[in-house]
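**Student:** One point on numbering: in full-length UniProt numbering, the residue at position 123 of the sequence shown is 123, and numbering is uninterrupted.
In this text, a Cβ means the ideal position worked out from N, Cα and C, and glycines have one as well.
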Amino acid sequence: MTTPSPPDPTDIVSAHRHRRLSVDEIVPERVAEMLRAAQRIERAATGPSVRVAFRNTRILIGAVHANGYSLQRIAAVLGTDTQATRARIEPGGLLVAGDLATLLCITQAELDECFGRWHLAPVVTEQGYAFYGAEELVKAILGEEPGQAMPA
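What follows is the structure, encoded as C-alpha coordinates:
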(Lines of atoms letter the chains of each structure in order from A; the text may use other names.)
(Lines give C-alpha, C1' and ligand atoms only; values in the text may rest on other atoms or scores of the structure.)
Protein backbone atom coordinates (compact mmCIF):
# COMPACT_ATOMS: atom_id res chain seq x y z
CA MET A 1 0.00 0.00 0.00
CA THR A 2 1.43 3.35 -0.97
CA THR A 3 0.99 6.43 1.12
CA PRO A 4 -0.18 9.54 -0.65
CA SER A 5 2.45 12.21 -1.02
CA PRO A 6 1.86 15.43 0.88
CA PRO A 7 0.75 18.46 -1.13
CA ASP A 8 3.45 20.65 -2.61
CA PRO A 9 4.00 23.49 -0.09
CA THR A 10 4.67 25.97 -2.91
CA ASP A 11 1.24 25.27 -4.40
CA ILE A 12 -1.65 27.31 -3.02
CA VAL A 13 -4.01 24.63 -1.75
CA SER A 14 -6.83 24.44 0.68
CA ALA A 15 -5.47 22.60 3.72
CA HIS A 16 -8.70 20.74 4.40
CA ARG A 17 -9.53 19.75 0.82
CA HIS A 18 -6.15 19.65 -0.95
CA ARG A 19 -7.54 21.37 -4.00
CA ARG A 20 -6.16 24.23 -6.03
CA LEU A 21 -7.74 27.55 -5.07
CA SER A 22 -9.29 29.86 -7.65
CA VAL A 23 -7.83 33.34 -8.12
CA ASP A 24 -10.77 34.86 -6.18
CA GLU A 25 -9.90 32.68 -3.20
CA ILE A 26 -6.23 33.64 -3.43
CA VAL A 27 -6.59 37.43 -3.76
CA PRO A 28 -9.76 39.41 -4.56
CA GLU A 29 -10.17 39.83 -8.32
CA ARG A 30 -9.83 43.64 -8.37
CA VAL A 31 -6.47 43.43 -6.54
CA ALA A 32 -5.37 40.54 -8.77
CA GLU A 33 -6.22 42.67 -11.83
CA MET A 34 -4.06 45.51 -10.48
CA LEU A 35 -1.12 43.17 -9.89
CA ARG A 36 -1.43 41.69 -13.37
CA ALA A 37 -1.81 45.15 -14.95
CA ALA A 38 1.36 46.33 -13.19
CA GLN A 39 3.17 43.24 -14.45
CA ARG A 40 1.90 43.78 -18.05
CA ILE A 41 2.89 47.45 -18.00
CA GLU A 42 6.34 46.54 -16.69
CA ARG A 43 6.87 43.96 -19.44
CA ALA A 44 5.74 46.36 -22.17
CA ALA A 45 7.73 49.36 -20.89
CA THR A 46 10.73 50.69 -22.79
CA GLY A 47 13.30 53.37 -22.12
CA PRO A 48 12.92 55.49 -18.98
CA SER A 49 9.43 54.16 -18.28
CA VAL A 50 10.91 50.74 -17.37
CA ARG A 51 12.19 52.11 -14.06
CA VAL A 52 8.82 53.66 -13.17
CA ALA A 53 6.90 50.50 -14.11
CA PHE A 54 9.29 48.32 -12.08
CA ARG A 55 8.93 50.61 -9.06
CA ASN A 56 5.12 50.65 -9.33
CA THR A 57 5.02 46.85 -9.38
CA ARG A 58 7.27 46.68 -6.30
CA ILE A 59 5.12 49.21 -4.44
CA LEU A 60 1.90 47.39 -5.34
CA ILE A 61 3.29 44.01 -4.22
CA GLY A 62 4.34 45.62 -0.93
CA ALA A 63 0.89 47.16 -0.47
CA VAL A 64 -0.95 43.89 -1.08
CA HIS A 65 1.42 42.09 1.30
CA ALA A 66 0.95 44.81 3.96
CA ASN A 67 -2.81 44.22 3.74
CA GLY A 68 -2.40 40.64 4.92
CA TYR A 69 -1.92 38.59 1.77
CA SER A 70 0.89 36.07 1.87
CA LEU A 71 3.78 36.08 -0.55
CA GLN A 72 2.61 32.68 -1.81
CA ARG A 73 -0.77 34.10 -2.77
CA ILE A 74 0.73 37.14 -4.48
CA ALA A 75 3.23 34.92 -6.32
CA ALA A 76 0.38 32.66 -7.49
CA VAL A 77 -1.43 35.63 -9.03
CA LEU A 78 1.73 36.89 -10.74
CA GLY A 79 2.84 33.45 -11.88
CA THR A 80 6.20 33.74 -10.10
CA ASP A 81 7.77 31.98 -7.15
CA THR A 82 7.75 33.19 -3.56
CA GLN A 83 11.44 34.14 -3.50
CA ALA A 84 11.10 36.34 -6.58
CA THR A 85 8.06 38.00 -5.05
CA ARG A 86 9.83 38.54 -1.71
CA ALA A 87 12.70 40.25 -3.53
CA ARG A 88 10.25 42.68 -5.15
CA ILE A 89 8.48 43.97 -2.02
CA GLU A 90 8.69 47.71 -1.38
CA PRO A 91 6.57 48.57 1.67
CA GLY A 92 5.06 51.97 2.33
CA GLY A 93 5.32 53.23 -1.23
CA LEU A 94 3.46 56.05 -2.91
CA LEU A 95 1.89 55.93 -6.37
CA VAL A 96 1.15 58.82 -8.76
CA ALA A 97 -2.55 59.30 -9.54
CA GLY A 98 -2.01 58.84 -13.30
CA ASP A 99 -0.26 55.52 -12.70
CA LEU A 100 -3.14 54.42 -10.45
CA ALA A 101 -5.68 55.11 -13.18
CA THR A 102 -3.63 52.95 -15.55
CA LEU A 103 -3.25 50.15 -12.99
CA LEU A 104 -6.98 50.18 -12.25
CA CYS A 105 -7.86 50.37 -15.97
CA ILE A 106 -10.14 53.38 -15.41
CA THR A 107 -10.16 57.03 -16.48
CA GLN A 108 -8.81 59.84 -14.32
CA ALA A 109 -12.38 61.12 -13.72
CA GLU A 110 -13.47 57.68 -12.49
CA LEU A 111 -10.38 57.54 -10.28
CA ASP A 112 -11.22 60.95 -8.75
CA GLU A 113 -14.73 59.65 -7.99
CA CYS A 114 -13.24 56.61 -6.24
CA PHE A 115 -10.88 58.79 -4.19
CA GLY A 116 -13.84 60.84 -3.00
CA ARG A 117 -15.75 57.72 -2.02
CA TRP A 118 -12.71 56.24 -0.26
CA HIS A 119 -11.75 59.52 1.45
CA LEU A 120 -8.16 59.17 0.26
CA ALA A 121 -6.18 62.38 0.44
CA PRO A 122 -3.08 62.78 -1.70
CA VAL A 123 0.40 63.64 -0.49
CA VAL A 124 1.25 66.71 -2.59
CA THR A 125 4.90 67.57 -3.18
CA GLU A 126 6.32 71.08 -3.51
CA GLN A 127 6.36 70.56 -7.29
CA GLY A 128 2.61 69.89 -7.23
CA TYR A 129 2.68 66.13 -7.85
CA ALA A 130 -0.05 64.16 -6.08
CA PHE A 131 0.89 60.77 -4.64
CA TYR A 132 -1.33 58.24 -2.89
CA GLY A 133 -0.35 55.67 -0.30
CA ALA A 134 -0.46 52.27 -1.99
CA GLU A 135 -1.36 50.43 1.22
CA GLU A 136 -4.36 52.70 1.83
CA LEU A 137 -5.41 52.33 -1.81
CA VAL A 138 -5.39 48.52 -1.63
CA LYS A 139 -7.24 48.65 1.70
CA ALA A 140 -9.89 50.90 0.10
CA ILE A 141 -10.27 48.55 -2.87
CA LEU A 142 -10.60 45.56 -0.53
CA GLY A 143 -13.30 47.43 1.41
CA GLU A 144 -15.45 48.10 -1.65
CA GLU A 145 -18.94 46.74 -1.24
CA PRO A 146 -20.40 44.77 -4.18
CA GLY A 147 -23.05 47.44 -4.70
CA GLN A 148 -20.36 50.12 -4.93
CA ALA A 149 -18.07 48.29 -7.34
CA MET A 150 -15.42 50.34 -9.03
CA PRO A 151 -16.12 51.36 -12.61
CA ALA A 152 -15.16 48.57 -14.99
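Classify G143 as helix, strand or coil using the three-state DSSP reduction.
**Tutor:** Residue state, collapsed to three classes: coil.
**Student:** When the distance is taken between beta carbons, is I61 closer than 8 angstroms to T85?
**Tutor:** Contact: yes.
**Student:** State the beta-bridge partners of V123 as determined by DSSP.
**Tutor:** F131, per the DSSP bridge assignment.
**Student:** Below 8 angstroms CB to CB, which residues in the same chain sit around G116 once its five sequence neighbours on both sides are set aside?
**Tutor:** So no residue of the chain qualifies.
**Student:** Output the distance between the C-alpha atoms of L120 and L104, rounded to the nearest integer angstrom.
**Tutor:** Using only the alpha carbons, I get a separation of about 15 angstroms.
**Student:** Compare the Cα-Cα distances from L35 to each of L71, G47 and P48 and report the closest residue.
**Tutor:** For L35, the nearest C-alpha among the options comes from L71.
**Student:** When you compare only the Cα positions, how much space is there between I141 and G47?
**Tutor:** Their backbone Cα atoms lie some 31 angstroms apart in a straight line.
**Student:** Since V96 and V31 are thought to touch, with beta carbons under 8 angstroms apart, how far apart are those beta carbons, to the nearest angstrom?
**Tutor:** Contact doesn't hold; Cβ gap of about 19 angstroms is too wide.
**Student:** Checking 8 angstroms against the spacing of the C-beta atoms, do Q39 and L94 come in under that value?
**Tutor:** Their beta carbons are not under 8 angstroms apart, which means Q39 does not touch L94 by this criterion.
**Student:** So, for V123: in the same chain, excluding its five sequence neighbours on each side, which residues have a beta-carbon less than 8 angstroms away from its beta-carbon?
**Tutor:** Around V123: L94, A130, F131, Y132 and G133.
**Student:** Identify the residues that DSSP records as bridge partners of V96: which are they?
**Tutor:** For V96, which the question treats as bridged, DSSP gives the partners F131.
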